[in-house]
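Okay, so here's the structure we're looking at.
Protein chains: 2
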Amino acid sequence: MKKLNVLIFVLLILMELSASAQQALFGGQEIKSPEINADNSVTFRFNAPDAKLVVVTGDFLPTEKITTPMGEMDGPGKAALSKDDKGIWTFTSEPLGSELYGYSFIVDGLSTTDPNNPFLNRDVASVTNIFIVGGGKADLYKVNDIPHGTVSKRWYDSPGLKMDRRMTIYTPPGYETSKEKYPVLYLLHGAGGDEEAWMNLGRASQILDNLIAQGKVKPMIVVMPNGNVSQDAAPGEGSDGFYKPQFMAPQTMDGTYEANFMDIVKFVESNYRVKTDKADRAIAGLSMGGFHSFHISRYYPNTFDYVGLFSAALMPREDATGKVYNDIDGTLKKQMENGYKLYWIGIGKTDFLYDANKEFRQKLDGMGMKYSYTETEGGHIWRNWRVYLSEFTPLLFK
Amino acid sequence: MKKLNVLIFVLLILMELSASAQQALFGGQEIKSPEINADNSVTFRFNAPDAKLVVVTGDFLPTEKITTPMGEMDGPGKAALSKDDKGIWTFTSEPLGSELYGYSFIVDGLSTTDPNNPFLNRDVASVTNIFIVGGGKADLYKVNDIPHGTVSKRWYDSPGLKMDRRMTIYTPPGYETSKEKYPVLYLLHGAGGDEEAWMNLGRASQILDNLIAQGKVKPMIVVMPNGNVSQDAAPGEGSDGFYKPQFMAPQTMDGTYEANFMDIVKFVESNYRVKTDKADRAIAGLSMGGFHSFHISRYYPNTFDYVGLFSAALMPREDATGKVYNDIDGTLKKQMENGYKLYWIGIGKTDFLYDANKEFRQKLDGMGMKYSYTETEGGHIWRNWRVYLSEFTPLLFK
Numbered sequence: 053m054k055k056l057n058v059l060i061f062v063l064l065i066l067m068e069l070s071a072s073a074q075q076a077l078f079g080g081q082e083i084k085s086p087e088i089n090a091d092n093s094v095t096f097r098f099n100a101p102d103a104k105l106v107v108v109t110g111d112f113l114p115t116e117k118i119t120t121p122m123g124e125m126d127g128p129g130k131a132a133l134s135k136d137d138k139g140i141w142t143f144t145s146e147p148l149g150s151e152l153y154g155y156s157f158i159v160d161g162l163s164t165t166d167p168n169n170p171f172l173n174r175d176v177a178s179v180t181n182i183f184i185v186g187g188g189k190a191d192l193y194k195v196n197d198i199p200h201g202t203v204s205k206r207w208y209d210s211p212g213l214k215m216d217r218r219m220t221i222y223t224p225p226g227y228e229t230s231k232e233k234y235p236v237l238y239l240l241h242g243a244g245g246d247e248e249a250w251m252n253l254g255r256a257s258q259i260l261d262n263l264i265a266q267g268k269v270k271p272m273i274v275v276m277p278n279g280n281v282s283q284d285a286a287p288g289e290g291s292d293g294f295y296k297p298q299f300m301a302p303q304t305m306d307g308t309y310e311a312n313f314m315d316i317v318k319f320v321e322s323n324y325r326v327k328t329d330k331a332d333r334a335i336a337g338l339s340m341g342g343f344h345s346f347h348i349s350r351y352y353p354n355t356f357d358y359v360g361l362f363s364a365a366l367m368p369r370e371d372a373t374g375k376v377y378n379d380i381d382g383t384l385k386k387q388m389e390n391g392y393k394l395y396w397i398g399i400g401k402t403d404f405l406y407d408a409n410k411e412f413r414q415k416l417d418g419m420g421m422k423y424s425y426t427e428t429e430g431g432h433i434w435r436n437w438r439v440y441l442s443e444f445t446p447l448l449f450k
Numbered sequence: 053m054k055k056l057n058v059l060i061f062v063l064l065i066l067m068e069l070s071a072s073a074q075q076a077l078f079g080g081q082e083i084k085s086p087e088i089n090a091d092n093s094v095t096f097r098f099n100a101p102d103a104k105l106v107v108v109t110g111d112f113l114p115t116e117k118i119t120t121p122m123g124e125m126d127g128p129g130k131a132a133l134s135k136d137d138k139g140i141w142t143f144t145s146e147p148l149g150s151e152l153y154g155y156s157f158i159v160d161g162l163s164t165t166d167p168n169n170p171f172l173n174r175d176v177a178s179v180t181n182i183f184i185v186g187g188g189k190a191d192l193y194k195v196n197d198i199p200h201g202t203v204s205k206r207w208y209d210s211p212g213l214k215m216d217r218r219m220t221i222y223t224p225p226g227y228e229t230s231k232e233k234y235p236v237l238y239l240l241h242g243a244g245g246d247e248e249a250w251m252n253l254g255r256a257s258q259i260l261d262n263l264i265a266q267g268k269v270k271p272m273i274v275v276m277p278n279g280n281v282s283q284d285a286a287p288g289e290g291s292d293g294f295y296k297p298q299f300m301a302p303q304t305m306d307g308t309y310e311a312n313f314m315d316i317v318k319f320v321e322s323n324y325r326v327k328t329d330k331a332d333r334a335i336a337g338l339s340m341g342g343f344h345s346f347h348i349s350r351y352y353p354n355t356f357d358y359v360g361l362f363s364a365a366l367m368p369r370e371d372a373t374g375k376v377y378n379d380i381d382g383t384l385k386k387q388m389e390n391g392y393k394l395y396w397i398g399i400g401k402t403d404f405l406y407d408a409n410k411e412f413r414q415k416l417d418g419m420g421m422k423y424s425y426t427e428t429e430g431g432h433i434w435r436n437w438r439v440y441l442s443e444f445t446p447l448l449f450k
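If you're matching them up, the sequences are chains F and E in order. Read in order, the letters of the first sequence correspond to residues 53 to 450 in my numbering. Read in order, the letters of the second sequence correspond to residues 53 to 450 in my numbering.
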């Protein structure tokens, strides 16, 4: 096809596309935002000739105190952009450390995403743009030119919950063609999350691909189920259709999920080429998923040799009624007596669950139950959970 | 956990969440948008007390003429919202026919997505909200409570292109546990698309799940490769990282993809439990993917018994230089002589490719090559391609 023909084809297709695509072609200059500069500063641009104030807000800026009915708390930082004579607003950050960052704009008080950046992450019901600054730990979050595992969305039958449910499964590079059996990590999301969260917000497949390619992590299958037993799948992916996700789905922490978790293990062990002994099973989760991992691993006290509690929601809950919560101390003691290879606890210094985790560690100390402990900067944020996954997985199945 | 404990947990987590999540809790009332009413009218809501004008624009509204450097053309319709005394803007549409619709807002001239609807589709570099009105053909686009196939993102090696590339593969319900071999549909995207397009914009897995459950479509594997040979994967999913997608990637229509297509077929046929004869292979695509399907099916003239050209970009191109484009008439004649079961052409009455498709049909008529022809309302839009997929797949492998 001649170049001219291609151009005509493009123009004709744009005739039938959205207004924004037409603006991209006919509305003047092409804007690049965000632009990661050579020194790892990042330039944000926004086209709004008539706006009075354009602000960028995100976790790449120092936090700011905000006032709420619950008192003063940390909010994401903000920075004002400057307008040039063409109506393009610009802000360039300080050089940034290697990280996956999230941001959005506020234009005359209105929150909006960046129309020049189609890469978005949904966290509960909020959608923000993302970008990655490489050259450090966030290189693990990038897709590099290395062998890649397969990521599947698959439905399994849960006899206990009497429903078909959706899960995400990562199989490592070579799984399909090898005859080998693999160990399995069950990786659980937090409140407001679902079977998409560890992939999208947690960059789990990129972290696994990269660490396996570096020889630091043993090839393993990673199973990411949906911990909200009232859903068959993530919002928009299940039979409830499209609806605005809520932070806490019903029945997420009442014991139902934990009591039926073996439906997931049985499905995986009868449908994938996996090793089925305790030494080849790990379970880990963040926040509510840490709560689930704690309860599942002691409720089935001879099932997992590796347990990871990432900023776990270890709240006092002596009053819980589900049968899962009976005899916590007894099952924990049983788990200790049965033995395990790693009980890993990680939390950020400013996490609101810091004290609950400290109490929990004191409890473990008191009963002589061994654990490995990692304390990081920061709070209850995905930034920490990606790091915890990157630190936890190299310790598994060795 | 007591309800009070759960509430505290939620509040504490929100302390560490984004500003928008905090607004959702502390900023007052919860807004539902869009809301599909009992009569299938749809109500849109937007919170902007200080805005002067809030407009919704989308394909659920009658098109409007817009003026561009290329002359007058159809643009998406627009409707103004009305503000109530709390600063909430509202618009309710007419009752809508069953369809998957896209929309966004324009607030005082600024395009923005709906902060109360986290369901978004990316088309090239544009992101818009979506919703589904059921009760008709769009019920096929919903996730219903029926058996579901597995959707995998898998990387394959292309020796011809000397790269690992990503594809999407749909395997039908029961594939993993059956011993049966399945037929394969290769389903190709258009310019600006990638291996994500048929799933996200085309609702391919929902359409297949639903039609298979209804007994209208034979269980089949659907392979959705990436037709841009300069990419290893969709924007953001490959080693090029995050960048603003362009409408036409380099080398998309120069013959390279078509000439190396058998790398994909060989990978699928050696990695999946599939039937490997012509009677069990179909190829179809939209726009540029229709162009690819046309050329691949005649370049390998004894390979596919089923060919689908959906709004195919059958542009005059006698000057093309790639070896794929040599002797088009001869290979087409060969394909006709070898025989096939279905050559399916579909196009919208107002598609800018209507005349090119008409000329192509005249050419086929002239040489006595049989085809099936479907003409629909509308133009070069996903709305038609979802319908074509729903009509084409029941005809396959019978």
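We treat Cβ as the ideally placed atom computed from N, Cα and C, and that holds for glycine.
Candidates the options, of which the one nearest residue i by Cα
i, options, result
"residue 182 (chain F)", "F:435, F:444, F:442, F:448", "F:435"
"residue 244 (chain F)", "F:261, F:411, F:280", "F:280"
"residue 262 (chain F)", "F:361, F:197, F:416, F:364", "F:197"
"residue 236 (chain F)", "F:395, F:125, F:270", "F:270"
"residue 327 (chain F)", "F:254, F:272, F:234", "F:234"
"residue 199 (chain F)", "F:150, F:423, F:85, F:259", "F:259"
"residue 376 (chain E)", "E:113, E:417, E:89, E:312", "E:312"
"residue 282 (chain F)", "F:253, F:133, F:246, F:268", "F:246"
"residue 350 (chain E)", "E:408, E:381, E:323", "E:381"
"residue 459 (chain E)", "E:421, E:115, E:314", "The shown model of chain E, from 53 to 450, leaves out residue 459 (chain E), and the question about it has no answer."
"residue 195 (chain E)", "F:119, F:413, F:293, F:163", "F:293"
"residue 361 (chain E)", "E:109, E:408, E:147, E:419", "E:408"
"residue 154 (chain E)", "E:162, E:117, E:252", "E:252"
"residue 443 (chain F)", "F:95, F:135, F:426", "F:426"
C-beta neighbour in chain E for residue i, strict 8 angstroms
i, result
"residue 444 (chain F)", "no"
"residue 184 (chain F)", "yes"
"residue 76 (chain F)", "A caution first: residue 76 (chain F) carries a pLDDT of 47, below 50, which makes its placement in the model unreliable, though a value can still be read off. So, interface residue."
"residue 80 (chain F)", "The predicted model places residue 80 (chain F) with a pLDDT of 47, which falls under 50 and marks its position as unreliable, so this point remains unresolved."
"residue 177 (chain F)", "yes"
"residue 207 (chain F)", "yes"
"residue 294 (chain F)", "yes"
"residue 376 (chain F)", "no"
"residue 381 (chain F)", "no"
"residue 84 (chain F)", "yes"
"residue 407 (chain F)", "no"
"residue 194 (chain F)", "yes"
Rounded distance between the beta-carbons of residue j and residue i, thought under 8 angstroms
i, j, result
"residue 354 (chain F)", "residue 330 (chain F)", "6 angstroms"
"residue 217 (chain E)", "residue 284 (chain E)", "5 angstroms"
"residue 275 (chain E)", "residue 219 (chain E)", "6 angstroms"
"residue 316 (chain F)", "residue 277 (chain F)", "5 angstroms"
"residue 202 (chain F)", "residue 228 (chain F)", "7 angstroms"
"residue 225 (chain F)", "residue 264 (chain F)", "7 angstroms"
8 angstroms Cβ cutoff, residue i in contact with chain F
i, result
"residue 71 (chain E)", "Reliability of the predicted coordinates at residue 71 (chain E) is poor, the pLDDT of 49 falling under 50, and no value is obtained from them."
"residue 189 (chain E)", "no"
"residue 93 (chain E)", "no"
"residue 197 (chain E)", "yes"
"residue 464 (chain E)", "Because residue 464 (chain E) is not part of the residues shown, which for chain E are 53 to 450, the question remains open."
"residue 282 (chain E)", "no"
Beta-carbon contacts of residue i that lie in its chain and below 8 angstroms, excluding the five residues immediately before and after
i, result
"residue 343 (chain F)", "305, 337, 364, 365, 366, 367"
"residue 255 (chain E)", "152, 192, 193, 438"
Same chain, Cβ closer than 7 angstroms to residue i, neighbours up to 5 away in sequence not counted
i, result
"residue 402 (chain F)", "430, 431"
"residue 160 (chain F)", "103, 104, 105"
"residue 187 (chain E)", "92, 150"
6 angstroms CB neighbourhood of residue i in its chain, flanking five on each side removed
i, result
"residue 107 (chain F)", "130, 132, 158"
"residue 176 (chain F)", "244, 297, 299"
Scan the segment 429-441 of chain E for residues whose Cβ lies nearer than 8 angstroms to a Cβ of chain F and list them as they occur along the chain.
-> 431, 432, 433
Listed from N- to C-terminal order along the chain, which residues in the segment 159-170 of chain E have their beta-carbon within a distance smaller than 9 angstroms of any beta-carbon of chain F?
-> 159, 160, 161, 162, 163, 164, 165, 167, 168, 169, 170
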